[in-house]
Structures are given as C-alpha cells and as structure tokens.
Amino acid sequence: RKEVEQDPGPFNVPEGATVAFNCTYSNSASQSFFWYRQDCRKEPKLLMSVYSSGNEDGRFTAQLNRASQYISLLIRDSKLSDSATYLCVVNTNAGKSTFGDGTTLTVKP
Amino acid sequence: DAGITQSPRHKVTETGTPVTLRCHQTENHRYMYWYRQDPGHGLRLIHYSYGVKDTDKGEVSDGYSVSRSKTEDFLLTLESATSSQTSVYFCAIRLPLSPGNTIYFGEGSWLTVV
Chain H
1 RKEVEQDPGP FNVPEGATVA FNCTYSNSAS QSFFWYRQDC RKEPKLLMSV
51 YSSGNEDGRF TAQLNRASQY ISLLIRDSKL SDSATYLCVV NTNAGKSTFG
101 DGTTLTVKP
Chain P
110 DAGITQSPRH KVTETGTPVT LRCHQTENHR YMYWYRQDPG HGLRLIHYSY
160 GVKDTDKGEV SDGYSVSRSK TEDFLLTLES ATSSQTSVYF CAIRLPLSPG
210 NTIYFGEGSW LTVV
C-alpha cells in the first residue's frame, strides 16, 4: 500500500462546476500537508498548504482530517485554466516528503 | 521563483553511457533533492543533500550517484545509463523558513536512454 494515495481520475468537469479531490495518508507521524499543481510537462508548483482548521484561497479550499488521515481539495467555479494534475504531499517532522501520484482534472467548455 | 536551474533540460543517450545532470541554485539553500517522475509511480526520491559533501540515499538510489562540492550545485550521475532510467528528473530545494518546509522544484530534465 502506498503511503499517500489519491484517486488518479481523470475528473472531467464542465466550466463552473465544483470538484473535490481526496488524498489519504498512512503515516500518523505526518506533520504538514500540501497540494501541488502540475501542468503537462512542467514541474510541480505549490498550490496551497493545508491546515487543520481548513483554509481557503479564492476558489480553492483545503481541509485536513487528522483522525481519518485524509486531506481534501475543493475547487469551486472551475475554470479552463484549472486543468492540471493535482498532487497531494505529506511531510513528516523529519522533513521527508511523500507525494501522491496525482489526480488529473480536465475542465471543459 | 526559487532560483533553481537544471541542465541539460533534454538529453538522449545510449545505453551504457554515463550521464550527469546538474542542478544549480542561487540562494544558498541547504537542502537539495533529486526526484524522478514516472507514470504510475509519481515522484520518487533518488538522493538528497543536507549540505556540502553531505548526501544520503532516497527510495530509488540504485544506479545513481550524487555529489555536492559546492552549496549551489548538486549533481546527479547515472554511471551506466539503462532504458529503465528514461524519465523526467526534477531537482528541488527546501525552504526552511517557509510554512511546513515546502519544496520547490526546478523545471526538470527529460532523459531518454536508447
């Protein structure tokens, strides 16, 4: 079983839709959590950190559930430009980063 | 912009030849990493460095070696390239003062071993 698991998708949604991605992690010692975005043939880029209280950045909302060991990313009012692969990343307190394989989102007109 | 450059960005090489990929950073970050990314496997850590001449293995280090003789350069060497090492390689740095110690990536080096 992988340490960080994501539904690979693909998720195909129309513009304006709301879409949610989940990610589960197995290491209970995990300390910090992130979502990265990766465009085709580009490097992953930090989208947002994920905090226990939940956090929002414009149309993006991230949630963390430590008890169930999962994090989520909600995208509201999807834009064509949101089409990308979204990677879940989990850090331990030793500084080790473990990446999920990513969830692919395609937003269609 | 985390000031990371990778070279070469694209390379085609023959099986059995040595290959060196270079990662250069301009901001004196202590921690540097080499990852490879393959379909179905995601990003996997090859080697990392926590200072000049201080390196350690990641989860897929077989067939790779690294060197860090200067803070700004982290080199990844494939001693004798194999077709299984065809991949995209990302260098990364960790920002110690950022929330949760986030990682920033270079633009990637696409390597094809024929």
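Taken in order, these protein sequences are the chains called H and P.
For what it's worth, my numbering labels the leading residue of the first sequence as 1, then goes sequentially.
For what it's worth, my numbering labels the leading residue of the second sequence as 110, then goes sequentially.
We put the CB at the ideal spot given by N, CA and C, even for glycine.
Helix, strand or coil at residue i [DSSP, three-state]
i, result
"P:L204", "coil"
"H:S26", "coil"
"H:S68", "coil"
"P:L147", "Here residue 147 of chain P is Asp; the residue named in the question, Leu, does not match the sequence. Three-state DSSP puts P:D147 in a strand."
"P:A176", "Note on residue identity: the sequence assigns Ser, not Ala, to residue 176 of chain P. Strand, per DSSP."
"H:S78", "coil"
"P:S189", "coil"
"P:R153", "strand"
"H:A17", "coil"
"P:V169", "coil"
"P:T122", "strand"
"P:V223", "coil"
Residue(s) in a DSSP beta bridge with residue i
i, result
"P:G160", "P:D163"
"H:V89", "H:F34 and H:F99"
"H:P8", "According to DSSP, H:P8 bridges with nothing at all."
"H:E56", "H:T61"
"P:D182", "P:H133 and P:K179"
"P:Q194", "Its beta-bridge partners do not exist; DSSP assigns none."
"P:I247", "Residue 247 of chain P cannot be examined here, being either before or after the span of chain P that is shown, 110 to 223."
"P:Y213", "P:I202"
"H:L105", "H:F11 and H:A84"
"P:Y142", "P:Y157 and P:A201"
"H:L47", "None, per the DSSP bridge assignment."
Residue from the options whose Cα sits closest to the Cα of residue i
i, options, result
"P:G112", "P:S174, P:S196, P:F214 and P:H150", "P:F214"
"H:K2", "H:C23, H:A17, H:T18 and H:G16", "H:C23"
"H:L87", "H:D39, H:G102, H:R76 and H:K96", "H:G102"
"H:A67", "H:A20, H:S52, H:T18 and H:Y36", "H:S52"
"P:G172", "P:G160, P:R145 and P:R139", "P:R145"
"P:G151", "P:E168, P:V161, P:H138 and P:N137", "P:E168"
Same chain only: Cβ atoms within 6 Å of residue i, ignoring 5 sequence neighbours per side
i, result
"P:D182", "H133"
"P:H119", "W219"
"H:V90", "V4, Y25, S30, F33 and T98"
"H:Q63", "G54 and S72"
"H:A17", "S78"
"P:R203", "Y140, N210 and I212"
Close Cβ partners of residue i (< 8 Å) along its chain, the five nearest in sequence each way excluded
i, result
"H:T106", "P10, F11, N12, V13 and S83"
"H:P109", "P14, E15 and L80"
"P:T164", "H156, Y157, S158, V175, S176 and R177"
"H:Q38", "P44, K45, A84, T85, Y86, L87 and G102"
"P:P127", "T186, L187, E188, S189 and A190"
Residue i CB to nearest heavy atom of the ligand MN below 6 Å
i, result
"H:W35", "As presented, the structure is devoid of all ligands, the ligand MN included, so that no description of it is given."
Same chain only: Cβ atoms within 7 Å of residue i, ignoring 5 sequence neighbours per side
i, result
"H:T92", "N27, A29, S30 and Q31"
Chain A within 7 Å of residue i, Cβ atoms only
i, result
"P:L185", "This model lacks chain A altogether, as its protein chains are H and P."
#### Entry: Proximal residues, the region 122-142 of chain P versus chain H, C-beta separation under 7 Å
From the region 122-142 of chain P, no residue has a Cβ closer than 7 Å to chain H.
### Chain-ordered residues of the region 91-105 of chain H with a beta carbon less than 7 Å from chain P
Taken in chain order, the members of the region 91-105 of chain H whose beta-carbon sits within less than 7 Å of a beta-carbon on chain P are N91, G95, S97, F99, G100, D101 and G102.
### Message
Which residues of the region 32-46 of chain H have a Cβ closer than 7 Å to any Cβ of chain P? Give them in chain order.
### Response
So the list reads S32, F34, E43, P44 and L46, given in the order they occur along the chain.
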